[in-house]
Every structure is written in structure tokens, then in C-alpha cells.
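Student: Letter by letter, the sequence shown follows residues 445 to 811 in the numbering used here.
Note that beta-carbon positions come from the ideal geometry of N, C-alpha and C, so glycine has one too.
As the structure is a prediction and not an experimental result, all values here were calculated from the model.
Got a structure for you, questions after.
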Amino acid sequence: DYYITGPLQRRRSAAITKDDLKLGKRLGSGGFGSVYKATLTNEDGSTTPVIVKKAKEFGEAEVWMNERMSRTAPASCAQFLGGFLDTPEQPQKVGPAGAAVGLGGECVWLVWLDEGEFTLYDLMTKREFPYNLEPLLLGRELRLQKDKRRRLVTLKLVTQQLLENLDTAHATGIVHRDIKPQNAILSVADRRLKLIDWGAAADLRLGINYVPNEYLLDPRYAPPQQYVMSRQTATPPPKPVAALLSPVLWQMEHPDKFDMYSVGILLLQMAFPNLRSDNSLIAFNRRLQELGWDLPAWKREVVRKHPRGLPKDLEEGFEVLEAEGGAGWDLACQLVSYNPSDRPTAGEALLHRWFEQMPVVAGAATP
Ligand code: ADP
Ligand code: MG
């Protein structure tokens, strides 16, 4: 085994090994590996709840992204404790037809602090959303009537934090490429939204993972172009050249706008309860495509379809986005623009007038 040590690893005199970890419940598993809850035994015998990913593919890239992010933007990502390469010691079991069975082969183990129980997806798919964000972001429930004003408080906060996370990632040259509610975790310790799952990310300054992997992308959240760079520039130049060239390419191609489209879809899902299920999101995306990514046209169509008033779910979404002079709606329209250059950068979005009036949360507690 060789070790890839994370920056926070330095607190330990030795790198984490397999022997320090006790795997628990499996949280998920996909084509690229499996994720487990686990317990890390520290040198003094104390234990820390952690999350372990055994990555069969792209593990090295994910370690790279986590190291870069935890150095330059520690508040924006889950706390990374390190990674190591695991090569199976036992001879692989061989099945009846001579094929290897079981996991077999090398995989990279990645270890993070367990940031908490809930992703944005877990919260969003519950009926109490977005009120269930309050204890996680504010430490308590707001003593306010459940109306659009109260929904606006946490919706703006969580969107602002998502944008701050992306602003720092993009400033480092990293595009996440898999922004979705499942990859945003509510950190209990930091009372803040953080981004996880950097396995599909691209580091454009250094050309790492630069070649677009179509099959890595989630079609529900990927922008119409689907590529970080246009096809013409898809082949990375040799590394030293890439380092010189990338800032220029960044200007020309707006690779960061890939993530910004996903933020737009996520914002719409948070606002409209009827866009939170998979099927309805897919249907919405299809309609948006047919309408040329013209969100106001989608609204006109929806209003025309319901001459006697909008259904509750649609009403709820428009109500919250159209509050404060329609600022939230305007931001959503910009984010899902077809042309990457029409979408704001994360930094520009943070300066949008929707964030001009941020809730004074302390005052909100006493109605
Ligand atoms: P996958 O490639 O399977 O999508 P992820 O990195 O997204 O892997 O992790 C899968 C799930 O594990 C997440 O959706 C989340 O529920 C949980 N998870 C991952 N990292 C953390 C973390 N640092 N703290 C708490 N939960 C986590
Ligand atoms: Mg994920």
C-alpha cells in the first residue's frame, strides 16, 4: 500500500491505513465504487465517525480534487482526512468459469469526516422542506408563520452558500460537474452547506480530468452543451502549456458556467415542490429544451394551462421566487440560459439583487 496524505492528515503522525478503519453501513454503491459509514480509531484510542469511499475508478482524481479544495477552500467541501491505494493481498477467488469473483483489483480508499446525516436531497424530498433546513443552518426553528417569507430565509441562505462554495472552487480552477442535491451535504459542525463527490470534477489549470467524460454526467442537471469545453478544445494540451493556456481558455469557453446551469435547476427544484421527483424533473427538462431554455416562456405556458388558478405546488414556487420584485425568478432565468455566456458566474450571482436583502435571522426569531 502507498499513501496519499491529505493536508489535514498532518495532524496524525501516521497516515490512515485500513487497520484504523472499521466499516459500517453501506450508504450507496455505483459503477465507480461504494461508500460506507465507518469508524476511524485515532492514535490516542479515541474514535471519529467518518465516511469511506472505495473507488474503483477516478479515485486518484477525486483525491487530487479533495486535496486542492481542502487547501484552498476548506469551508466549501467535506473535511478530507486522506486517501490510500488498496491492493488485494489475498489471491483472487476464481469462479467456476475462471472469471474473478468479488471485488478484486485495486481501489483507492478516500476518508472524510462524517459531516452529518442529511444531503440537500434527503431534506428536499421531505414534506417539511425547506423548513427542515432551519435547525441545520440556523441551529433552531424560526418562530414565524409558515409562508413565503419564511421559506425565502433558508432558500436564500442555502443558495448563497452553494454559490460561495462554487465561487471558491472556480477561483481555484476546479469545475465540479456534478452539482445536484445528492452531492450537497449539510455540515452539522459548521452549520453550512458543503459540496461532496469531486470524482467528476475537472482541474482546468492543470488539465487533470480535462477530457470531458460524457458518461460521468448526470443528464438531469447537466447544461445543454454537456461539456466543460467545446469539442474543438476537448483534447488537453501538454501539461506545461495547459497551465499557461488555461486562464485564456477559461475566458473564452466559460467552463465554470457548466456548474451554474446545475445551480439553476437546483434552485428551481427547491422552489417548486412539483419538480423534486425524478420523473417530473425529467419532464420539465424536456419541456425546457423544447422551449429553447426560455424560462419565462415556460411560465406563460403554465399560466395558460391553468386559467382558473395555478395548482398549489406551482403557486408555491412562483410565490417564493417572485417575492421582492421577482429577484429570485430573475436569477433562476439567468442561470438556466442556453448560452453559457448568458449565465452569471458564481461571483456575479452572489452580487445579484436577490442577495441584497439577506434575512436578519436574529430578529426573525421574535415575531
Ligand atoms: P457517489 O459517487 O456514490 O455519489 P458520494 O461521494 O456522493 O458518492 O457519496 C455518497 C453519499 O454518501 C452521499 O450522497 C452522502 O449521503 C454520503 N456522504 C458522502 N460524503 C459524506 C460526508 N463527508 N459526510 C456525510 N455523508 C457523506
Ligand atoms: Mg454523489
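How big is the Cα-Cα spacing for Ile-460 and Phe-528?
Tutor: Near 8 Å, if we compare the C-alpha coordinates of Phe-528 and Ile-460.
Student: Looking at the structure shown, is Leu-606 part of a helix, part of a strand, or coil, going by DSSP?
Tutor: Leu-606 falls in the helix class under three-state DSSP.
Student: Just reading off the beta strand (DSSP E) that Lys-469 is part of, what are its end residues?
Tutor: 465-474 is the extent of the beta strand (DSSP E) around Lys-469.
Student: Fully enclosed by the segment 495-582, which alpha helix (DSSP H) runs are 4 residues long or longer?
Tutor: With a minimum length of 4 residues, the continuous alpha helix (DSSP H) runs that stay inside the segment 495-582 are 503-516, 564-568 and 578-582.
Student: Since His-620 and Asp-703 should fall inside the 8 Å C-beta cutoff, what is the C-beta to C-beta distance between them, to a whole number of angstroms?
Tutor: About 5 Å; that satisfies the 8 Å criterion.
Student: Could you check whether Met-513 and Ile-618 sit closer than 8 Å to each other, using their CB atoms as the reference points?
Tutor: Taking 8 Å as the Cβ cut-off, Ile-618 and Met-513 qualify as a contacting pair.
Student: To the nearest whole angstrom, what separates the beta carbons of Pro-667 and Tyr-705, a pair I think is in contact under 8 Å?
Tutor: Rounded, the Cβ-Cβ distance is 3 Å, consistent with contact.
Student: When DSSP builds the beta bridges, which residues end up paired with Lys-481?
Tutor: Looking at the DSSP assignment, Lys-481 forms a beta bridge with Ile-495.
Student: Collect the residues with a C-beta less than 6 Å away from any heavy atom of ligand 2 and give them in sequence order along the chain.
Tutor: Matched residues: Gln-626, Asn-627 and Asp-641.
Student: Is it true that the CB of Val-479 sits closer than 8 Å to the CB of Asp-558?
Tutor: No, Cβ-Cβ distance for Asp-558 and Val-479 is not below 8 Å.
Student: Does the Cβ of Lys-497 lie closer than 7 Å to at least one heavy atom of ligand 1?
Tutor: Yes, since a heavy atom of ligand 1 falls inside the 7 Å radius drawn around the Cβ of Lys-497.
Student: Just the C-alpha distance for Pro-788 and Lys-701, rounded to the nearest angstrom, thanks.
Tutor: If I take the Cα positions, the gap works out to 7 Å.
Student: Is there at least one non-hydrogen atom of ligand 1 closer than 7 Å to the beta-carbon of Leu-471?
Tutor: Yes, the Cβ of Leu-471 comes within 7 Å of a heavy atom of ligand 1.
Student: Taking C-alpha atoms, which residue in Phe-716, Lys-756 and Ser-781 lies nearest to Leu-765?
Tutor: Nearest C-alpha to Leu-765: Phe-716.
Student: According to DSSP, is Leu-630 part of a helix, a strand, or is it coil?
Tutor: Strand, per DSSP.
Student: So Asp-622 and Asp-662 are in contact, right, with Cβ under 8 Å, and what is the actual spacing, rounded?
Tutor: About 6 Å separates the two Cβ atoms, so the contact holds.
Student: How about Ala-423 and Leu-564: are their beta carbons less than 8 Å apart?
Tutor: As displayed, the chain neither begins before 445 nor continues past 811, which places residue 423 out of reach and without an answer.
Student: Whole-angstrom Cβ separation of Arg-636 and Ala-793, contact assumed at under 8 Å?
Tutor: Contact flag wrong, Cβ pair sits at about 18 Å.
Student: Between which residues of its own chain and Leu-467 is the CB-CB distance below 7 Å, once the five residues before and five after are set aside?
Tutor: Result list for Leu-467: Tyr-480, Ala-482 and Val-496, in chain order.
Student: Opposite Val-619 in the DSSP bridges: which residues?
Tutor: Val-619 pairs with Ala-646.
Student: Compute the Euclidean distance between the alpha carbons of Val-545 and Thr-492, then round it to the nearest angstrom.
Tutor: Reliability fails at Val-545, whose pLDDT of 39 lies under 50, so the model's placement of it is uncertain and the value that follows must be treated cautiously. Each residue's alpha carbon lies about 33 Å from the other.
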